[in-house]
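Q: Per UniProt numbering, the very first residue in the sequence shown carries number 1; after that it's consecutive.
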Amino acid sequence: MNHPSKMEYGDVLGGRYVIERKIGEGGMSCVYLAGDLKLPGQKWAVKESVSELGMHRTVEDEASLLIKLSHPRLPRIVDFFKPDPDGYTYLVMDYIEGMTLERYFRTSRSKIGADFIVRLADQLLEVLGYLHEHDPQVIFRDLKPSNIMLTEQLEVRLIDFGIARSFKQESGEDTVKLGTVGFAAPEQYGGRQSDARSDLYGLGALLLYLCTGGNFTEWIPGVERHIRGDLPRGLVPIIRKLLQYAPEDRYPSAKEARQAVDKAARPALPAPSASRSMMAGTLVAAALGASAGVGTTHSCIALAYFLAKHYRRVAVAEMGSQSSAFSRIQEIAEGGRASAGSGRKFEIDGIHFWRQTGRAEVISLLGGSYDAVVLDLGVYRNSERLEEFLRADVPLIVGSGAEWRQHELLALSRLLADHHQPHRLYALPLAGPDALERVRKLLDTDKVYTLPLQLDPFELTSPSEQAFRHMFRHIIAEPEPRKRRFRFLRQ
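(1) Among T461, A325, R106, which residue has its Cα nearest to the Cα of G214?
(2) E8 by DSSP, collapsed to three states: which one?
(3) Could you tell me whether the segment 427 to 446 touches the segment 293 to 306, using the rule of 3 or more Cβ pairs below 8 Å?
(4) Below 8 Å CB to CB, which residues in the same chain sit around G15 once its five sequence neighbours on both sides are set aside?
(5) Could you tell me the boundaries of the beta strand (DSSP E) in which R228 lies?
(6) Tell me which same chain residues have a C-beta within less than 7 Å of the C-beta of F389, skipping the five on either side of it?
(7) On the DSSP bridge assignment, give the partners of G35 in chain order.
(8) On the CB-based measure, 16 or more other CB atoms within 10 Å of its CB, does P272 come out buried or exposed?
(9) Would you grab the beta carbon distance between H423 and D456 for me? Rounded to a whole angstrom, and I think it's under 8 Å.
(10) With a cut-off of 8 Å, does the C-beta of R250 fall near any C-beta of chain B?
(11) For Y130, I'd like the list of residues in its chain whose CB is within less than 6 Å of its CB, leaving aside the five on either flank, ordered along the chain.
(12) Roughly how many whole angstroms lie between the Cα atoms of S64 and I139?
(13) Between the C-alpha atoms of M471 and L442, what's the straight-line distance to the nearest angstrom?
(14) Three-state secondary structure (DSSP) at L66?
(15) Taking only runs of the beta strand (DSSP E) that begin and end inside the segment 420 to 457, which ones reach a length of at least 3 residues, in chain order?
(16) S369 to T282, Cα distance in whole Å?
(17) Going by C-alpha to C-alpha distance, which of D61, V261, Y209, D444 sits closest to P136?
(18) What span of residues does the beta strand (DSSP E) with E353 cover, start to end?
(19) Any idea if E408 is buried or exposed, counting beta-carbon neighbours within 10 angstroms, 16 or more meaning buried?
(20) Counting pairs of Cβ atoms below 8 Å between the segment 79 to 90 and the segment 139 to 149, do you hit three or more?
(21) Looking only at its own chain, which residues have a Cβ that is under 7 Å from the Cβ of residue 536, when we skip the five neighbours before and after it?
(22) At which residues does the beta strand (DSSP E) containing L120 begin and terminate?
(23) Let me know the secondary structure DSSP gives I329 once reduced to three states.
(24) Within 10 Å of its beta-carbon, does L39 have 16 or more other beta-carbons around it, so buried, or fewer, so exposed?
(25) Using DSSP with H/G/I as helix, E/B as strand and the rest coil, what is D79?
(26) Could you give the DSSP three-state label for I23: helix, strand or coil?
(27) How about F183 and T212: do their beta carbons lie closer than 8 Å?
(28) Locate the beta strand (DSSP E) running through D376, then write down its first and last residues.
(29) Using the three-state DSSP reduction, which class does E465 fall into: helix, strand or coil?
(30) Taking only the alpha-carbon atoms, compute the straight-line gap between R469 and Q406 and give it to the nearest angstrom.
(31) Among L436, R391, G401, which has the Cα closest to the Cα of L416?
(32) State the DSSP-derived secondary structure class of T151, mapped to helix, strand or coil.
(33) Could you tell me which of F458, V12, L125, D11 sits nearest to H298, measuring between CA atoms?
(34) Run the proximity test for G293: is its beta-carbon closer than 7 Å to any non-hydrogen atom belonging to the ligand GDP?
(35) Shortest alpha-carbon distance to D446 belongs to which of V50, E97, F81, L436?
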């Protein structure tokens, strides 16, 4: 930093945030890890920045804008402290565990696969699309490896909004020309105002950097000879288009660039008719309830029994420490012997049940121990469990087919509209044909299915099996016989 950092171990910011250690610094900012006096155990990242006297109003305006952003690939900005007499400001945001793309690339360069680069491009275009479509539009302007965090599951998070700004239509050029040399668009250095296409240039520079072993960030004559040969063939012209000098020659929006990436990657993906049970990896189905009382947990258990006919090792996990349904099931399964000290994993008919499962345990569940996992995410209340839903191979929304409750499904569908999930399904327990057609028209999708009456979720009936088989017809293979040992109702 050109200015020394002010906070030290043990300092308390705003009477609440206790500084524990410095976790990063660069340019005019420093980031600390902080505890929370009001929420014991909660960790935050506190970003300390220095601004010139004339920039204080701009810094406050931008902070106010960032606090209003809400997206799974962005840290929540939960608090802001205005410039002090020395010009120091503080942003308090989510602390994201993981490593930066810069560090990941430096330490694992030989292990970065072409599929990772494609997924990275897709995730970045997803969050850039959100920022660019926000009102007012937000331009990130510094899309470099050190500003991108990767979680343990290699999910993207943008972490540094030090020079992000709202787009001002009337402005001819940027007041302050900022950005990292090599990754910033040409217009960020003078003559024009940066806009959404500037971020697309930054993405192109980032992708070229990854695809050439860190050697190039600009499209110069002969650079194509240095691009790795295992990329999807259509990705190279996309990178070249993103790196056009004139903004008008690039993609007009992140949405159109994302569509191009998706099309380029599609030939490398398995055909829709391929049997997932014959492929490597764990099939993950995640169920999210549109509201309470629609039968999300009931449907998850029935789905687990259906998948157990097709996969050898199946688990169903109850997400959230406040959930209680699986505790009751465990008591019944263990003859009333289960107690607070009992293990949170128990087995019924060869299926593993995990009660009150945290995110850290979910990671281990998906690490290859099981062939298929069903995540019971409960009722959608906020974005706490949204990441698991967005990552799932089969994202399933459970809702009511009743006409007076259809607004619940519509509201949740609109909340998720910005997230590209071509395999998202909707399940309507006990809904009739009329309700099915009404909801399909309401949501404008034919991926809405009814689930028939099944009093005992541990006893998969023939109609339920047929319904699940129809829903999963492009994913699973033919079933193998499985013995039944547990009856819920008789217990």
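Don't be surprised by glycine CBs; every beta carbon is placed ideally from N, CA and C.
The model shown is predicted, which means the values in this text are computed figures rather than measured ones.
A: A quick look at the data gives this:
(1) For the residues T461, A325, R106, the minimum Cα distance to G214 belongs to R106.
(2) Coil at E8, not helix or strand.
(3) Yes: the two stretches touch, three or more of their Cβ pairs being nearer than 8 Å.
(4) Result list for G15: L37, in chain order.
(5) Counted as a single uninterrupted DSSP element, the stretch harbouring R228 is not any beta strand (DSSP E), since DSSP gives it neither H nor E.
(6) Only A286, L288, L377, P395 meet the Cβ criterion.
(7) Per DSSP, V18, K43.
(8) Per-residue confidence for P272 stands at a pLDDT of 36, beneath the threshold of 50, marking its modelled position as unreliable; the derived number appears in the next sentence. When all chains shown are included, P272 counts as exposed.
(9) About 28 Å separates the beta carbons of H423 and D456, which is beyond the 8 Å limit, so they are not a contact pair.
(10) In the displayed structure, chain B is absent; only one protein chain is listed.
(11) By the criterion of a C-beta distance shorter than 6 Å, Y130 is surrounded in its chain by H71, D418, once the five residues flanking it on both sides are discounted.
(12) Looking at the two C-alpha atoms, the distance is approximately 15 Å.
(13) Taking the straight line joining both Cα atoms gives about 19 Å.
(14) Residue state for L66 is assigned as helix, using DSSP reduced to three classes.
(15) With a minimum length of 3 residues, the continuous beta strand (DSSP E) runs that stay inside the segment 420 to 457 are 425 to 429, 448 to 451.
(16) Approximately 8 Å between the Cα atoms of the pair.
(17) Comparing alpha carbon positions, the residue from D61, V261, Y209, D444 closest to P136 is D61.
(18) Per the sequence presented here, residue 353 reads as Phe, with Glu not at that position. It spans 351 to 357 - the beta strand (DSSP E) in which F353 sits, taken as one unbroken run.
(19) It is buried - the Cβ of E408 has at least 16 other Cβ atoms within 10 Å.
(20) Touching, no.
(21) Since the first residue shown for the chain is 1 and the last is 491, residue 536 is missing from the structure and cannot be characterised.
(22) DSSP places L120 outside any beta strand (DSSP E); the residue lies instead in the alpha helix (DSSP H), whose first and last residues are 114 to 133.
(23) In the structure shown, I329 sits in a helix (DSSP, three-state: H, G or I).
(24) Classification of L39: exposed, given that the 10 Å Cβ count is below 16.
(25) D79: strand per DSSP, three-state reduction.
(26) I23 falls in the strand class under three-state DSSP.
(27) No. Outside cutoff.
(28) Taken as a continuous stretch (DSSP letters only), the beta strand (DSSP E) holding D376 covers 372 to 379.
(29) It is helical.
(30) When the Cα atoms are used, R469 and Q406 turn out to be separated by approximately 25 Å.
(31) Among L436, R391, G401, the Cα nearest to that of L416 belongs to R391.
(32) In this structure, T151 counts as coil in the three-state DSSP scheme.
(33) Between H298 and the set F458, V12, L125, D11, the nearest pair of CA atoms involves F458.
(34) Ligands displayed in this structure: none; no statement on the ligand GDP is therefore possible.
(35) Closest option to D446, Cα to Cα, is L436.
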